[in-house]
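For the sequence shown, this note's numbering assigns the number 3 to the initial residue and increments by one for each residue that follows. Each residue gets a CB set at the ideal place from its N, CA and C atoms; glycine is no exception. Below is one structure; the comments refer to it alone.
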Amino acid sequence: SFSPNSFITRKCYVNVVLWTSLLRNLLLDGICISVTLCVSYQLLVSSLQDKSIEEQLSMGIRYFDLRVAHKPSDSSSDLYFTHVIYTHLTVMETLVSVASWLKSHPKEVVILACSHLEGMDDARHESFIYSLKNLFGSKLCPSLWASGYQVILSYDSQVAARHEELWLAIPYWWANQQTAQGVISYLDWNKELGRPEGFFVSGLNLTADRGYIAKNRKESLRTLTYSNWDSLSKWVEEQIPGSDPKSLNIIAGDFVGPLPLCSQVIALNHKLRRKNSSQIKKQY
3 SFSPNSFITR KCYVNVVLWT SLLRNLLLDG ICISVTLCVS YQLLVSSLQD
53 KSIEEQLSMG IRYFDLRVAH KPSDSSSDLY FTHVIYTHLT VMETLVSVAS
103 WLKSHPKEVV ILACSHLEGM DDARHESFIY SLKNLFGSKL CPSLWASGYQ
153 VILSYDSQVA ARHEELWLAI PYWWANQQTA QGVISYLDWN KELGRPEGFF
203 VSGLNLTADR GYIAKNRKES LRTLTYSNWD SLSKWVEEQI PGSDPKSLNI
253 IAGDFVGPLP LCSQVIALNH KLRRKNSSQI KKQY
């Protein structure tokens with residue numbers, strides 16, 4: 003039987019439910035800044051995830067918001083993840099782990115959204131894209147499984163138009179709010195406008211900028227997220243996956259290791275699977 007809290011289910015849930023659903027009609031778990039941040043100095047606001055990339059994949063995360071940057075005055079071609087500060091691990095070191103995990107899970111699909119792309123000229127864009135194509139190779143394609151494709155790679159730059167393997171930027175509904183109510187109001191407003199044609203992300207992310215942290219010395223993005231989680235969690239549980247104009251597609255949040263977002267999204271998809279199975283049976 004299907005259990006939303008099952009570790010095996012979390013590792014393979016796209017495989018479990020995709021056969022009855024279009025991927026854009028599923029609810030996918032996503033996170034902002036997907037790697038465990040290994041930083042050069044302590045800054046609580048920047049430590050958004052506690053788990054390694056492999057742990058996040060095994061928890062059920064399938065969308066990764068990768069904010070990529072080249073360090074100023076760095077003579078190397080290395081790129082890093084950034085959120086106020088830079089990670090020690092390079093982007094490619096982390097993505098090698100993703101490729102290895104996918105090799106062990108051939109029917110799982112991930113969406114990698116490369117955004118921000120700070121400090122990158124045309125040559126660095128092309129070099130990075132070449133490395134991505136070399137790493138994921140035949141896994142990169144908009145169609146899935148039949149030919150072994152597992153990676154949907156979006157790239158938030160006009161450079162993406164030169165490469166047929168890349169998707170254009172995936173819309174991200176980011177509220178830029180410090181309270182759960184502010185986030186929920188923004189997301190509900192977008193839902194009323196209707197869903198985009200393709201993939202899109204609903205961000206549960208709260209905003210705690212430097213000014214907020216300076217005025218609230220005992221607060222961090224972690225404590226802010228935790229204190230608002232009950233309201234955000236209730237809103238997630240009320241969502242309905244599927245093709246309805248007000249259905250969501252990808253739900254992204256921070257600190258998804260300690261917080262049970264993965265289990266909630268998987269449980270919602272199980273409802274969609276049951277619904278689709280019932281419809282198929284009625285046809286026969």
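Would you kindly check if the distance between the Cβ of residue 176 and the Cβ of residue 205 is under 7 Å?
Start at 1 with the first residue of the sequence shown, and residue 205 comes out as number 203. Start at 1 with the first residue of the sequence shown, and residue 176 comes out as number 174. Result yes, Cβ atoms of residue 205 and residue 176 sit closer than 7 Å.
Counting only the same chain and skipping the five closest in sequence on each side, list residues whose C-beta sits under 7 Å from that of residue 82.
On the sequence shown, position 80 is the one that residue 82 refers to. Within the same chain, and ignoring the five residues on either side of residue 82 in sequence, the residues whose Cβ sits closer than 7 Å to its Cβ are 71, 73, 88, 89, 92 and 93.
Which one or two residues does DSSP pair with residue 85 in a beta bridge?
Here residue 85 is taken as the residue at index 83 of the sequence shown, counted from 1. DSSP lists 87 as partners of residue 85.
From the DSSP secondary-structure annotation, give me the bridge partner or partners of residue 259.
Counted from its first residue, the sequence shown places residue 259 at position 257. For residue 259, which the question treats as bridged, DSSP gives no partner whatsoever.
Out of curiosity, what's the CA-to-CA distance linking residue 294 and residue 213?
Residue 294 lies beyond the stretch modelled for the chain, which goes from 3 to 286, so this question has no answer here.
Once DSSP output is grouped into helix, strand and coil, what is the label at residue 209?
For the purposes of this step, residue 209 is taken as the residue at position 207 of the sequence shown. Coil, per DSSP.
Identify, in the order they occur along the chain, each residue of the same chain with its Cβ nearer than 7 Å to the Cβ of residue 227, setting aside the five sequence neighbours on each side.
Walking along the sequence shown from the start, residue 227 turns up at place 225. Excluding residues within five positions, the ones whose Cβ falls inside 7 Å are 208, 256 and 257.
By how many angstroms is the C-alpha of residue 98 removed from the C-alpha of residue 126?
Mapped onto the sequence shown, residue 126 falls at position 124. Mapped onto the sequence shown, residue 98 falls at position 96. Approximately 19 Å, taken between the alpha carbons.
Cutting at 6 Å between CB atoms, please list the residues of its own chain near residue 143, excluding the five before and the five after it.
In the sequence shown, the residue the question calls residue 143 occupies position 141. So the qualifying residues of the chain are 151.
In this structure, does DSSP put residue 226 in helix, strand or coil?
Position 224 of the sequence shown, counting from 1, holds the residue named residue 226. Correct three-state label for residue 226: helix.
Here's the rule: buried if 16 or more other CB atoms are within 10 angstroms of the residue's CB, otherwise exposed. What is residue 225?
By one-based count along the sequence shown, residue 225 stands at place 223. Classification of residue 225: exposed, given that the 10 Å Cβ count is below 16.
In chain order, what residues of the same chain have a beta carbon less than 6 Å from the beta carbon of residue 193, not counting five sequence neighbours either side?
The residue given as residue 193 occupies position 191 in the sequence shown. Residues 248 of the same chain have their beta carbon placed closer than 6 Å to that of residue 193, with the five preceding and five following residues left out of the count.
Per DSSP, which one or two residues make a beta bridge with residue 69?
Locating residue 69 in the sequence shown gives position 67, where the first residue counts as 1. The partner list for residue 69 (beta bridge, DSSP) reads 117.
From the DSSP output, in three-state form, read off residue 153 for me.
Stepping through the sequence shown from its first residue, residue 153 is reached at position 151. Correct three-state label for residue 153: strand.
To the nearest angstrom, report how far apart residue 75 and residue 122 are at their CA atoms.
Looking up residue 75 in the sequence shown gives position 73. Looking up residue 122 in the sequence shown gives position 120. If I take the Cα positions, the gap works out to 12 Å.
So what does DSSP say about residue 254, is it helix, strand or coil?
For this step, residue 254 is matched to residue 252 along the sequence shown. Strand at residue 254.
Would you call the CB atoms of residue 117 and residue 69 closer than 7 Å?
Sequence index remark: in the sequence shown, residue 117 carries index 115 (1-based). Sequence index remark: in the sequence shown, residue 69 carries index 67 (1-based). In contact: residue 117 and residue 69 (Cβ atoms closer than 7 Å).
Excluding the five sequence neighbours on either side, which residues of its own chain have a C-beta within less than 8 Å of the C-beta of residue 266, listed in chain order?
Numbered from its first residue, the sequence shown carries residue 266 at position 264. Closer than 8 Å at Cβ, skipping near neighbours: 6, 235, 238 and 239.
So, is residue 220 buried or exposed, given that buried needs 16 or more other C-beta atoms within 10 angstroms?
Counting from 1 along the sequence shown, the entry for residue 220 is found at position 218. By the neighbour-count rule (16 or more Cβ atoms within 10 Å), residue 220 is not buried but exposed.
Within the continuous alpha helix (DSSP H) that includes residue 93, where are the two ends?
Locating residue 93 in the sequence shown gives position 91, counting from the first residue. 93-106 is the span of the alpha helix (DSSP H), which, as asked, contains residue 93.
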